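**Student:** According to full-length UniProt numbering, the residues represented by the sequence shown are 1 to 148, in order.
Quick reminder that beta carbons are idealized off the backbone N, C-alpha and C, glycines included.
This structure is a prediction, so every number in the text was calculated from the model and none was measured.
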Amino acid sequence: MLRFDPFTEMDALARGLLSGQPTGSTRTPRFMPMDLCKVDDHFLLTADLPGVDPGSVEVSVDNGTLTLAAQRTARSDDAVQWLANERFSGTYRRQLSLGDNIDAAGIEASYENGVLSVTIPVAERAKPRTIEVRQKDSPRSIEAESTS
1 MLRFDPFTEM
11 DALARGLLSG
21 QPTGSTRTPR
31 FMPMDLCKVD
41 DHFLLTADLP
51 GVDPGSVEVS
61 VDNGTLTLAA
71 QRTARSDDAV
81 QWLANERFSG
91 TYRRQLSLGD
101 NIDAAGIEAS
111 YENGVLSVTI
121 PVAERAKPRT
131 IEVRQKDSPR
141 SIEAESTS
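As structure tokens, then:
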């Protein structure tokens, strides 16, 4: 089970707006679009990160929080005269709280064609299982002997 905290995203946005520090570009990443679904015995998270530096993609788990981070480097050629500069550059970061029924040690991630895929397995103790129903011994019938 995953819980989403919308206030984390709002806090990051507020920090970015209130910091007042120039980043070289006024277009810094504000959002990492993602999908999350449950497939069989695991969750699958996919996040769009087109154009990020593959070596900058990081996925970590700490104290029940899954953190996704990546960096897209801005073009640093000073001789460039921009006609349009609409692509975001900078650091992308997203955090999700993991539920107690997640196998954090089994999380796996891959990055291909601009999409980060994270497989989050459900812990064995949380998987559905069938409980065997045992029957108690049926009462034995006692036959009386006649003493006539």
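1) At a cut of 8 angstroms, does the segment 29-39 reach the segment 101-112 through at least three beta carbon pairs?
2) Report the three-state DSSP secondary structure of residue 56 (helix, strand or coil).
3) Given this structure, state the Cα-to-Cα distance separating residue 86 from residue 74, to the nearest angstrom.
4) Is it true that the segment 51-62 meets the segment 121-139, where meeting means three or more beta-carbon pairs spaced less than 8 angstroms apart?
5) Please list, in chain order, all residues of the same chain as residue 69 whose beta carbon is under 6 angstroms from its beta carbon, the five residues on each side excluded.
6) Exposed or buried, which one is residue 133 when buried takes at least 16 other CB atoms within 10 Å?
7) Does any residue of chain B bring its CB to less than 8 angstroms from the CB of residue 106?
8) Nearest-angstrom Cα distance between residue 71 and residue 90?
9) Hey, how far is the Cα of residue 65 from the Cα of residue 56?
**Tutor:** Short version:
1) no
2) helix
3) 11 angstroms
4) no
5) 58, 93
6) exposed
7) Of the chains in the structure shown, none is chain B; there is only one protein chain.
8) About 6 angstroms.
9) 19 angstroms
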